[in-house]
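Worksheet: the structure to be examined is printed underneath.
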């Protein structure tokens with residue numbers, strides 16, 4: 003069954019899938035046999051974290067595993083050099099969306115999409131799945147460091163239906179925070195917003211609830227609703243209009 007949380011919540015902004023933390027149960031698949039799961043859906047999220055506006059976007063659903071190699075929207079493209087029934091360790095290259103100039107306040111400009119190098123580890127114990135990961139921007143984007151931690155608990159209600167509640171938090175360094183939430187002197191002059199220097203710290207806490215229904219052995223419908231709350235400098239930024247925001251997405255997938 004495709005794990006809907008493999009739709010990237012660590013990088014949850016394109017719009018928000020990329021800046022929110024990874025509330026993922028995809029660790030549960032790490033030791034499973036090779037598989038190819040493809041599908042599509044839609045999301046309703048803010049245009050960037052803290053923004054005034056929301057938008058609807060199509061969402062691809064990808065979960066491919068061939069030996070140690072994987073491709074998914076949670077961790078990107080990479081390898082898991084170590085995986086057993088409890089622990090999975092991996093490294094990958096992942097997409098880091100920014101935001102469009104027209105979505106930010108006038109005079110702020112755009113934040114270009116980027117590519118990041120990611121290290122992560124998943125731990126399964128007593129039915130819980132814990133994830134910790136670190137992503138460093140290496141090309142475009144903020145080029146900052148974001149560390150995420152989450153815990154989820156998949157609940158199998160029947161052979162077809164499952165629920166997965168998840169909680170998590172994200173820490174970001176000053177480079178990421180200043181580039182994403184900061185306002186420099188030039189931007190302040192053009193936009194009329196006050197200058198703002200965002201320092202490193204815990205950026206947000208989040209929660210999601212995912213329901214997955216297996217229509218057939220190959221077809222699964224999944225829906226997720228959630229909420230994220232900005233903390234610290236992120237919630238104090240002149241670019242933040244709503245510190246607490248909902249999100250949701252729906253996917254239909256097919257296991258090859």
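In the numbering used here, the protein residues as written are 3 to 258.
Idealized CB from N, CA, C, for every residue including glycine.
Reduced DSSP category for residue i - H, G, I as helix; E, B as strand; rest coil
i: residue 112; result: coil
i: residue 190; result: helix
i: residue 29; result: Summary for residue 29: the model assigns pLDDT 39, below 50, so the residue's position carries little reliability, and this model does not support an answer.
i: residue 43; result: strand
i: residue 279; result: As displayed, the chain neither begins before 3 nor continues past 258, which places residue 279 out of reach and without an answer.
i: residue 219; result: coil
i: residue 69; result: coil
Exposure of residue i, with buried meaning 16 or more beta-carbon neighbours within 10 Å
i: residue 258; result: exposed
i: residue 55; result: exposed
i: residue 186; result: exposed
i: residue 218; result: exposed
i: residue 120; result: buried
i: residue 86; result: exposed
i: residue 38; result: exposed
i: residue 76; result: buried
i: residue 239; result: buried
i: residue 140; result: exposed
i: residue 53; result: buried
i: residue 68; result: exposed
i: residue 165; result: exposed
i: residue 149; result: buried
i: residue 92; result: buried
i: residue 41; result: buried
i: residue 61; result: buried
i: residue 179; result: buried
i: residue 57; result: exposed
i: residue 2; result: Past the edges of the chain, shown from 3 to 258, lies residue 2, and the structure says nothing about it.
i: residue 163; result: exposed
i: residue 191; result: exposed
i: residue 199; result: exposed
i: residue 51; result: buried
i: residue 65; result: buried
i: residue 137; result: buried
i: residue 129; result: exposed
i: residue 246; result: exposed
i: residue 72; result: buried
Element boundaries [beta strand (DSSP E), containing residue i]
i: residue 150; result: 147-154
i: residue 138; result: 130-142
i: residue 199; result: From DSSP, residue 199 is part of no beta strand (DSSP E); its letter is neither H nor E.
i: residue 92; result: 89-98
i: residue 103; result: Neither: residue 103 is in no beta strand (DSSP E) and is coded neither H nor E.
i: residue 242; result: Residue 242 -> no beta strand (DSSP E), and no H or E assigned at all.
Nearest-angstrom Cβ-Cβ length linking residue i and residue j, presumed shorter than 8 Å
i: residue 49; j: residue 101; result: 6 Å
i: residue 183; j: residue 242; result: 7 Å
i: residue 210; j: residue 228; result: 3 Å
i: residue 206; j: residue 168; result: About 14 Å separates the two Cβ atoms, so there is no contact after all.
i: residue 144; j: residue 181; result: 4 Å
i: residue 90; j: residue 127; result: So it is not a contact: roughly 13 Å between Cβ atoms.
i: residue 251; j: residue 43; result: 6 Å
i: residue 233; j: residue 47; result: That belief does not hold up - the Cβ atoms of residue 233 and residue 47 are roughly 19 Å apart, past 8 Å.
Enclosing alpha helix (DSSP H) for residue i [first to last residue]
i: residue 84; result: Where residue 84 is concerned, there is no enclosing alpha helix (DSSP H), although the beta strand (DSSP E) it sits in stretches over 78-85.
i: residue 181; result: 176-183
i: residue 36; result: Unbroken run through residue 36: none, as it is neither H nor E.
* To do: Answer yes if the region 118-134 comes into contact with the region 89-98, meaning at least three C-beta pairs across the two stretches below 8 Å, and no otherwise.
  => yes
* Asked: Taking one C-beta from the region 185-200 and one from the region 148-168 each time, how about it: are there three or more such pairs within less than 8 Å?
  -> no
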